[in-house]
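With this note's numbering as the guide, the letters of the sequence shown map in order to residues 56 to 470.
Working notes for the structure below.
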Amino acid sequence: MNTLRAVPIAFLLTVKLPAADAPTSLAALFEEATRNNPDIRAARDAWQAAAQVPSQVSTPPDPQVTVQNLSVGSPRPFAGFSNSDFAYIGFGVSQDLPYPGKLKLKGEAARQDVAIGRDKLEAVRRDVVEQIQEAYLQIAYLQQVLEVLEHNGKILEEIERIADARYRVGQGTQQDVLKAQLERTKLLREITDQRGVMNTQQALIRKLLNRPPGSAAITAEPLAETPLRYSADELLEKARQNPSVSAEQEMVKRQSLEVEMARKDRYPDFNVQFMWQHTDSQFRDYYMLSFSTNLPIYRRRKLNAEMAQSLEELNRSRRAYESQVQSAFFDVRNQYIAAETASQKLRIYREGLIPQALATYQAGLASYQTGRLDFESLFSAFMDVLSFDSDYWKTLMEHETALARIAQITGLPMY
Numbered sequence: 056m057n058t059l060r061a062v063p064i065a066f067l068l069t070v071k072l073p074a075a076d077a078p079t080s081l082a083a084l085f086e087e088a089t090r091n092n093p094d095i096r097a098a099r100d101a102w103q104a105a106a107q108v109p110s111q112v113s114t115p116p117d118p119q120v121t122v123q124n125l126s127v128g129s130p131r132p133f134a135g136f137s138n139s140d141f142a143y144i145g146f147g148v149s150q151d152l153p154y155p156g157k158l159k160l161k162g163e164a165a166r167q168d169v170a171i172g173r174d175k176l177e178a179v180r181r182d183v184v185e186q187i188q189e190a191y192l193q194i195a196y197l198q199q200v201l202e203v204l205e206h207n208g209k210i211l212e213e214i215e216r217i218a219d220a221r222y223r224v225g226q227g228t229q230q231d232v233l234k235a236q237l238e239r240t241k242l243l244r245e246i247t248d249q250r251g252v253m254n255t256q257q258a259l260i261r262k263l264l265n266r267p268p269g270s271a272a273i274t275a276e277p278l279a280e281t282p283l284r285y286s287a288d289e290l291l292e293k294a295r296q297n298p299s300v301s302a303e304q305e306m307v308k309r310q311s312l313e314v315e316m317a318r319k320d321r322y323p324d325f326n327v328q329f330m331w332q333h334t335d336s337q338f339r340d341y342y343m344l345s346f347s348t349n350l351p352i353y354r355r356r357k358l359n360a361e362m363a364q365s366l367e368e369l370n371r372s373r374r375a376y377e378s379q380v381q382s383a384f385f386d387v388r389n390q391y392i393a394a395e396t397a398s399q400k401l402r403i404y405r406e407g408l409i410p411q412a413l414a415t416y417q418a419g420l421a422s423y424q425t426g427r428l429d430f431e432s433l434f435s436a437f438m439d440v441l442s443f444d445s446d447y448w449k450t451l452m453e454h455e456t457a458l459a460r461i462a463q464i465t466g467l468p469m470y
């Protein structure tokens with residue numbers, strides 16, 4: 056009985072077992088993921104590749120060089136070259152000239168693709184960071200839960216010893232001893248389950264960081280409640296700057312340029328060609344300048360359909376942008392409510408449920424030792440303490456996870 060009093064529940068719920076390795080900070084993991092995560096690197100490569108396109112599409116077409124040979128009297132090259140002024144060898148150059156403004160529009164559309172790629176890169180980075188943070192919080196929660204379960208196992212072992220001693224002197228029942236043994240076995244099963252979940256989260260961290268499967272496990276820093284420093288209105292305003300929202304907004308601008316390009320396609324393109332033709336020295340050289348243009352005559356079957364398609368794509372992109380904005384607003388509101396609710400529950404646990412459960416258990420323990428309380432009542436009070444403590448850490452993890460998701464949506468630092 057003295058041993059049980061020397062290891063009170065209040066101490067066991069707060070003590071930290073020494074970790075095998077020093078905790079790894081979230082900032083270090085974020086930096087490592089930015090360098091090594093395959094999804095982030097792929098999105099970065101796609102953005103950098105898109106950055107090479109504007110100069111390509113806004114540059115005029117390459118000029119074409121032409122070499123001609125006209126033979127007279129025979130298909131052999133240069134036949135009739137010295138006795139006919141119709142035989143010649145010619146050299147020329149031609150240049151395609153798109154209608155004014157077409158190349159500029161293509162360049163602007165490509166620059167919008169670069170902006171979209173940049174936003175997608177940031178969206179991928181934030182998504183990976185959020186996944187890392189959620190896995191990290193899970194690991195921190197599981198570390199705490201495993202500590203609590205292991206300590207509670209020791210307490211149950213002591214309760215079992217006390218119940219066995221009372222049974223031996225005729226003050227208790229064998230059922231009390233068996234009940235304590237059963238709960239200890241359940242705790243062992245729970246510890247095994249939680250360690251399995253821990254291994255899964257460790258594997259997820261390795262995947263997100265692109266580490267080899269056999270690399271060292273991550274030790275998380277202890278969980279602590281982070282206050283929410285922003286109002287709902289501030290978070291909603293920042294949600295408009297979410298990269299997924301920005302990408303849809305850039306897509307609207309790009310589709311507007313597609314409409315302008317469809318209008319430009321109604322105008323013809325041109326071609327200019329200059330040719331020098333040389334015959335034998337006794338004949339004069341020829342010089343030829345030609346100008347040609349295409350005729351965009353298929354308006355109903357091609358050009359009108361192209362314009363209608365561009366307008367429909369513009370309307371689609373506008374609706375997609377509105378939908379993305381509303382999704383961001385909903386996610387922010389949802390996570391804000393989750394964080395606020397979790398914060399209120401944490402205060403109830405700290406200031407009400409846990410202290411009350413501890414007081415009930417300690418009073419019950421004293422009564423049980425003097426024979427004024429039965430084992431079932433003592434055990435019920437003890438299980439309340441365990442349940443509230445586990446719920447507290449789970450609620451704290453949910454609170455921090457909600458903040459992580461808010462940070463992913465808004466880009467605001469939560470820590």
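We put the beta carbon where it would ideally sit given N, CA and C, even for glycine.
- Query: With a Cβ-Cβ cutoff of 8 Å, do residue 111 and residue 308 count as a contact?
  - Reply: Within the sequence shown, residue 111 is the residue found at index 56, counting from 1. Within the sequence shown, residue 308 is the residue found at index 253, counting from 1. In this structure, residue 308 does not lie closer than 8 Å to residue 111 by Cβ.
- Item | Inter-residue CB distance, residue 419 and residue 441 (contact presumed, cutoff 8 Å) | Residue 419 sits at position 364 when you count from the first residue of the sequence shown. Residue 441 sits at position 386 when you count from the first residue of the sequence shown. Contact doesn't hold; Cβ gap of about 14 Å is too wide.
- Task: Just the C-alpha distance for residue 133 and residue 326, rounded to the nearest angstrom, thanks.
- Result: Working through the sequence shown from its first residue, we reach residue 133 at position 78. Working through the sequence shown from its first residue, we reach residue 326 at position 271. Each residue's alpha carbon lies about 29 Å from the other.
- Task: Provide the residue span of the alpha helix (DSSP H) that contains residue 144, from first to last.
- Result: For the purposes of this step, residue 144 is identified with residue 89 of the sequence shown, where counting begins at 1. First-last for residue 144: 143–152, but that is the beta strand (DSSP E), not the alpha helix (DSSP H).
- Task: Pick out whichever of 99, 147 and 83 has its Cα sitting closest to the Cα of residue 122.
- Result: Within the sequence shown, residue 122 is the residue found at index 67, counting from 1. Among 99, 147 and 83, the Cα nearest to that of residue 122 belongs to 147.
- Message: For residue 328, list the residues DSSP reports as bridge partners.
- Response: On the sequence shown, position 273 is the one that residue 328 refers to. Beta-bridge pairing links residue 328 to 149 and 345.
- Message: Below 8 Å, how does it come out for the region 371–384 and the region 263–273: are there three or more Cβ pairs, yes or no?
- Response: no
- Query: Under the three-state reduction of DSSP, which class applies to residue 440: helix, strand or coil?
  - Reply: Position 385 of the sequence shown, counted from the first residue, corresponds to residue 440. Three-state result, residue 440: helix.
- Message: Please give the ranges of any beta strand (DSSP E) in the region 259–343, keeping only runs that are unbroken, at least 3 residues long and fully inside the region.
- Response: 325–333
- Query: Tell me which same chain residues have a C-beta within less than 8 Å of the C-beta of residue 65, skipping the five on either side of it?
  - Reply: Looking up residue 65 in the sequence shown gives position 10. In this prediction, residue 65 scores a pLDDT of 35, lower than 50, which makes its location untrustworthy; the coordinate-derived value is nonetheless stated afterwards. For residue 65, the CB contacts under 8 Å within the same chain, skipping 5 residues up- and downstream, are 413 in chain order.
- Unbroken alpha helix (DSSP H) run spanning residue 103, endpoints: One-based indexing of the sequence shown puts residue 103 at position 48. Taken as a continuous stretch (DSSP letters only), the alpha helix (DSSP H) holding residue 103 covers 93–105.
- Skipping 5 residues on each side, what residues in its chain have a beta carbon closer than 8 Å to that of residue 368? Reading the sequence shown from its first residue, position 313 is the one you call residue 368. Only 310 and 313 meet the Cβ criterion.
- Does the separation of the CB atoms of residue 300 and residue 186 fall below 8 Å? As a working note, residue 300 is residue 245 in the sequence shown. As a working note, residue 186 is residue 131 in the sequence shown. No.
- Item | Distance, residue 279 Cα to residue 425 Cα | If you number the sequence shown from 1, residue 425 lands on position 370. If you number the sequence shown from 1, residue 279 lands on position 224. Those two C-alpha atoms are separated by around 39 Å.
- Keeping to the same chain, check which residues put their C-beta closer than 6 Å to that of residue 466; ignore five residues upstream and five downstream. Locating residue 466 in the sequence shown gives position 411, counting from the first residue. Same-chain partners within the cutoff: there are none.
- Task: Report the residue from 428, 455, 192 and 142 whose alpha carbon sits nearest the alpha carbon of residue 273.
- Result: Along the sequence shown, one-based indexing puts residue 273 at 218. When only C-alpha atoms are compared, the closest one is 192.
- Query: Is the beta carbon of residue 450 less than 8 Å from the beta carbon of residue 408?
  - Reply: The residue labelled residue 450 in the question sits at position 395 within the sequence shown. The residue labelled residue 408 in the question sits at position 353 within the sequence shown. Result no, Cβ atoms of residue 450 and residue 408 do not sit closer than 8 Å.
- Query: Between residue 103 and residue 169, what straight-line distance do the alpha-carbon atoms span, to the nearest angstrom?
  - Reply: As a first step, residue 103 must be located in the sequence shown, where it is residue number 48. As a first step, residue 169 must be located in the sequence shown, where it is residue number 114. Rounded to whole angstroms, residue 103 to residue 169 spans 8 Å at the Cα level.
- Buried or exposed: where does residue 263 fall if 16 or more other Cβ atoms within 10 Å of its Cβ makes it buried? Against the sequence shown, residue 263 aligns to sequence position 208. By the neighbour-count definition (other C-beta atoms within 10 Å, threshold 16), residue 263 is a buried residue.
- Message: Quick check on residue 70: buried or exposed, where buried means 16 or more other Cβ atoms within 10 Å of its Cβ?
- Response: The residue you call residue 70 lines up with position 15 of the sequence shown. Bear in mind that a pLDDT of 36 at residue 70, under 50, signals an unreliable position, so the number given afterwards is only what the model happens to contain. Residue 70 is exposed by the Cβ-count criterion.
- So residue 257 packs on residue 194, CB below 8 Å; how close in whole Å? Sequence index remark: in the sequence shown, residue 257 carries index 202 (1-based). Sequence index remark: in the sequence shown, residue 194 carries index 139 (1-based). Indeed they touch by this definition, with Cβ atoms about 7 Å apart.
- Query: Since residue 137 and residue 335 are thought to touch, with beta carbons under 8 Å apart, how far apart are those beta carbons, to the nearest angstrom?
  - Reply: As a working mapping, residue 137 is identified with position 82 in the sequence shown. As a working mapping, residue 335 is identified with position 280 in the sequence shown. Their Cβ separation, rounded to whole angstroms, is 5 Å, which keeps residue 137 and residue 335 in contact under 8 Å.
- With a Cβ-Cβ cutoff of 8 Å, do residue 93 and residue 158 count as a contact? As a working note, residue 93 is residue 38 in the sequence shown. As a working note, residue 158 is residue 103 in the sequence shown. The Cβ atoms of residue 93 and residue 158 lie no closer than 8 Å to each other.
- With a 10 Å radius around its C-beta and 16 neighbouring C-beta atoms as the bar for buried, classify residue 173 as buried or exposed. Counting from one through the sequence shown, the residue named residue 173 turns up at place 118. Classification of residue 173: buried, given that the 10 Å Cβ count is 16 or more.
- Cβ pair count under 8 Å reaching 3, the region 281–290 against the region 452–463: yes
- Item | Member of 251, 206, 328 and 397 whose CA lies at the smallest distance from the CA of residue 117 | As a working note, residue 117 is residue 62 in the sequence shown. Of the listed residues, the one whose Cα sits closest to residue 117 is 328.
- Message: Our contact map puts residue 351 next to residue 321 with C-beta atoms below 8 Å; I'd like the distance itself, whole angstroms only.
- Response: Locating residue 351 in the sequence shown gives position 296, counting from the first residue. Locating residue 321 in the sequence shown gives position 266, counting from the first residue. Yes, residue 351 and residue 321 are in contact; Cβ-Cβ is about 6 Å, under 8 Å.
- Task: In the DSSP assignment, find the beta strand (DSSP E) that holds residue 124 and state where it starts and stops.
- Result: The sequence position of residue 124 within the sequence shown is 69, counting from 1. First-last of the beta strand (DSSP E) with residue 124: 119–125.
- Item | 8 Å Cβ shell around residue 386 - same chain, five flanking residues per side excluded | Taking the sequence shown and counting its residues from 1, the one referred to as residue 386 is at position 331. Hits under 8 Å: 294, 460 and 464.
- With residue 446 and residue 404 assumed to form a contact (beta carbons below 8 Å), what rounded beta-carbon distance in angstroms separates them? Mapped onto the sequence shown, residue 446 falls at position 391. Mapped onto the sequence shown, residue 404 falls at position 349. Yes, residue 446 and residue 404 are in contact; Cβ-Cβ is about 7 Å, under 8 Å.
- Item | Beta-carbon proximity list for residue 176, same chain, < 6 Å, skipping 5 on both sides | If you number the sequence shown from 1, residue 176 lands on position 121. Closer than 6 Å at Cβ, skipping near neighbours: 98, 99 and 102.
- Task: Verify whether the separation of the beta carbon atoms of residue 88 and residue 179 is less than 8 Å.
- Result: Numbered from 1 along the sequence shown, position 33 holds the residue referred to as residue 88. Numbered from 1 along the sequence shown, position 124 holds the residue referred to as residue 179. Against a cut-off of 8 Å, the Cβ pair of residue 179 and residue 88 comes out as no contact.
- Task: Classify residue 470 as buried or exposed, calling it buried when 16 or more other Cβ atoms lie within 10 Å of its own Cβ.
- Result: By 1-based counting over the sequence shown, the position of residue 470 is 415. Counting the other CB atoms within 10 Å of its CB gives residue 470 a total below 16, which places it among the exposed residues.
- Span of the alpha helix (DSSP H) around residue 400: Walking along the sequence shown from the start, residue 400 turns up at place 345. Run containing residue 400: 359–403, per the alpha helix (DSSP H) assignment.
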